[in-house]
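Positions in the sequence shown are counted from 1; adding 2 to them yields the working numbering.
Even glycine gets a Cβ: it sits at the ideal position worked out from N, Cα and C.
Report on the following structure.
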Amino acid sequence: MLDISFARPALPKSGALVLLAAEGEEPDAIQAAADSATGGAVARVLEATEFKPKAGKTCTILAPGAGLSRIVVVGIGKRADLTPRTAAEAGGTAAAALQREPAGAVAAARLTPELAAALAAGAALRTYRFDRYRTTEKAEDRPKLARLAVFADDPAAANEAWGTRRAVVEGARLARDLVSEPPNVLTPAELAERCRGLEPLGLKVEVLGPREMTKLGFGALLGVAQGSANEPRMVIMHWLGASGGTAANNGKGKRARAARPLAFVGKGVTFDTGGISIKPAQGMEDMKFDMAGAAAVIGLMAALAGRRARVDAVGLVGLVENMPSGTAQRPGDVVKTYSGQTVEVINTDAEGRLVLADVLWYCQEKFDPRCIIDVATLTGAMVVSLGHDYAGFFSNDDELAQRLHAAGEATGEKLWRMPLAESYDKLIKSDIADMKNVAGRPAGAITAAQFLQRFVNGKPWAHLDIAGTAWATKDSTVVPKGATAFGVRLLDRLVAEHYEG
Ligand code: BES
Ligand code: MN
Ligand code: ZN
């Protein structure tokens with residue numbers, strides 16, 4: 003990860019310098035110093051290019067003199083409108099402009115410590131790259147930025163705020179790594195091992211295999227898994243940051259009574275061929291991302307543990323591979339879910355809801371959570387509905403829905419609420435079982451959510467369908483193209499705003 007440090011503002015003697023420019027504001031001391039050290043180059047170029055410091059606008063001055071390799075002026079709009087989200091975007095824009103430089107500095111005077119840390123987070127998110135499997139790339143073709151100094155009025159306070167944000171950035175980077183891994187490497191068993199690797203953060207990690215799940219009666223999840231040579235797993239991650247867990251106790255040698263936890267559930271289909279209802283060859287390779295919901299939950303749990311969040315939370319992920327084979331489930335099969343309800347499997351490609359059905363029910367039985375949020379690349383229909391900008395979500399609880407929506411706006415991982423209704427629920431009636439796993443083409447994302455709701459036992463619940471937002475085909479300010487880790491920052495924000503302290 004980009005090596006970030008905080009220091010008091012000073013004009014650097016070499017390297018690249020980013021200046022932040024706000025609308026209607028005089029240049030800060032560093033900009034004035036840079037301008038005079040370069041014989042007025044900064045003011046001259048800004049004038050000649052008619053630079054307007056609107057958010058996202060940049061102006062680059064190459065080899066400006068004074069030993070500097072470049073000066074980049076980044077517009078931040080009106081200072082009074084700055085939020086952690088827009089500060090992160092400024093950091094992302096700055097980092098993108100510095101990719102060719104080994105080291106850079108951002109002059110972030112007049113920012114609160116919180117905003118300076120958010121800016122650093124944006125830079126760290128934007129410079130993510132998955133290069134594990136590149137062996138022949140030449141060094142000169144690689145992005146170079148390795149170190150970034152952030153000049154802040156109170157560097158110690160900014161550094162402390164960064165300590166918290168950094169954990170969330172690392173959670174997002176972990177989620178991106180997992181989604182980027184090829185499906186021959188990241189099998190259900192391997193993904194479970196990666197979860198175990200989080201134990202040093204203070205997470206308790208439990209892994210269930212096919213024998214345990216058979217004993218429990220996970221007929222729906224196991225039906226999806228039965229066509230694959232790679233065994234399924236369910237992973238349960240516990241973070242006890244409120245009740246203490248092993249770290250704290252109530253002073254009498256006893257643990258504080260555990261509160262009901264928040265619960266997060268992720269779809270972890272490590273590869274989705276569609277099964278016997280096989281998908282077309284074109285673009286099938288994209289379906290390695292079908293565990294992005296699980297990756298978001300894993301990244302979130304890593305973030306909560308990494309920043310020692312004062313909350314009790316459980317993260318559960320159902321991990322399977324959906325393959326066609328002689329042992330695969332057939333269209334027409336009827337499976338018995340852990341809840342006892344039966345499902346007629348009309349289409350083996352509607353597998354995510356089958357996996358989630360068992361994990362959702364188990365989560366409620368086992369943990370009696372305060373609320374449950376599931377995250378899944380569930381339907382192509384959601385991509386048709388909202389494209390790649392907003393993820394769609396469904397909820398049986400207006401307060402939870404409102405909180406999620408607000409967290410989306412605050413982080414830029416935006417959500418749009420979709421409806422649940424009895425009339426849609428009717429569409430998944432089956433002639434021979436309690437329900438079928440698909441309805442017709444109309445309202446495909448909604449009927450999938452209705453299916454999930456049949457496995458929600460009256461708890462406040464929300465379902466995030468991230469099929470359109472888990473993977474980006476082009477760079478944006480804080481998210482480079484590829485796996486986005488959509489959900490990590492959003493859900494971390496939800497927890498921080500409403501469920502801690
Ligand atoms: N993982 C897919 C959803 C998906 C499809 C995400 C395309 C992103 C892009 C899911 O398992 C699936 O195959 N859903 C089917 C459901 C259908 C058979 C009712 C779909 O959306 O086509
Ligand atoms: Mn599918
Ligand atoms: Zn799928």
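- Taking the Cβ atoms as the reference, residue 379 lies roughly 18 Å from residue 222, outside the contact range of under 8 Å.
- Cβ atoms of residue 243 and residue 314 come within 8 Å of each other, at about 7 Å.
- Taking C-beta atoms as the reference points, residue 371 and residue 461 count as a pair closer than 8 Å.
- DSSP places residue 270 in the strand class (E or B) of the three-state scheme.
- In this structure, residue 47 has its beta carbon at no less than 7 Å from each heavy atom of the ligand ZN.
- With a threshold of 16 other beta carbon atoms within 10 Å, residue 16 falls short and is exposed.
- Cβ contact annotation for residue 88 (same chain, cutoff 8 Å, sequence separation greater than five): 57, 78 and 79, in chain order.
- Assigned with DSSP and collapsed to three states, residue 419 falls in strand.
- Assigned with DSSP and collapsed to three states, residue 240 falls in strand.
- For the options 220, 272 and 415, the alpha carbon positioned closest to that of residue 342 is the one of 220.
- With a threshold of 16 other beta carbon atoms within 10 Å, residue 64 falls short and is exposed.
- One residue list follows from the rule of a beta carbon closer than 5 Å to any heavy atom of the ligand BES, given in chain order as 274, 292, 349, 351, 352, 354, 379, 381, 382, 440 and 469.
- Residue 128: member of the alpha helix (DSSP H) spanning 115-128, first to last residue.
- Residue 319 sits buried, since 16 or more C-beta atoms from the chains shown fall within 10 Å of its C-beta.
- Contact between the segment 270-287 and the segment 142-154 is absent: fewer than 3 CB-CB pairs across the two stretches fall below 8 Å.
- When 417, 481 and 452 are compared, the shortest CA-CA separation from residue 428 is found for 452.
- For residue 413, no beta strand (DSSP E) run applies; the uninterrupted alpha helix (DSSP H) run containing it begins and ends at 400-413, by DSSP.
- Going by C-alpha positions, residue 25 is about 30 Å away from residue 483.
- Every beta strand (DSSP E) of 3 residues or more that sits fully in the segment 321-402 is shown, in chain order, as 336-338, 344-346, 373-378 and 393-397.
- Annotated three-state conformation of residue 182 is helix, per DSSP.
- In the structure shown, residue 53 adopts coil according to DSSP, grouped into three states.
- Rounded to whole angstroms, residue 283 and residue 382 show a C-alpha spacing of 16 Å.
- Bridge pairing for residue 62: 74 [DSSP].
- Along the length of the segment 154-226, whole beta strand (DSSP E) runs at least 3 residues long occupy 206-210, reported in chain order.
- Look at residue 149 here: in three-state DSSP terms it is strand.
- One Cα belongs to residue 53, the other to residue 95, and the distance between them is close to 16 Å.
- The shortest CA-to-CA distance from residue 170 to any of 416, 310, 350 and 476 is the one to 310.
- With a minimum length of 4 residues, the unbroken runs of alpha helix (DSSP H) contained wholly in the segment 438-486 fall at 446-455.
- Annotation note: the segment 5-55 contains the following uninterrupted alpha helix (DSSP H) runs of length 4 or greater, listed N- to C-terminal: 31-39 and 43-50.
- Ranking 470, 39, 422 and 153 by CA distance to the CA of residue 445 puts 422 first.
- Leaving aside the five residues that flank residue 393 on each side, the residues in its chain whose CB is nearer than 6 Å to its CB run, in chain order, 417, 466, 468 and 471.
- Across the set 43, 155, 123 and 238, the C-alpha of 238 shows the shortest separation from the C-alpha of residue 369.
- Short of 6 Å from the beta carbon of residue 132, and not among the five residues preceding or following it, lie these beta carbons of its own chain, in chain order: 182.
- Between residue 442 and residue 5, the alpha-carbon positions lie close to 51 Å from each other.
- Rounded to whole angstroms, the gap between the alpha carbons of residue 395 and residue 123 is 26 Å.
- For residue 218, the closest C-alpha among the options 37, 367, 86 and 202 is that of 367.
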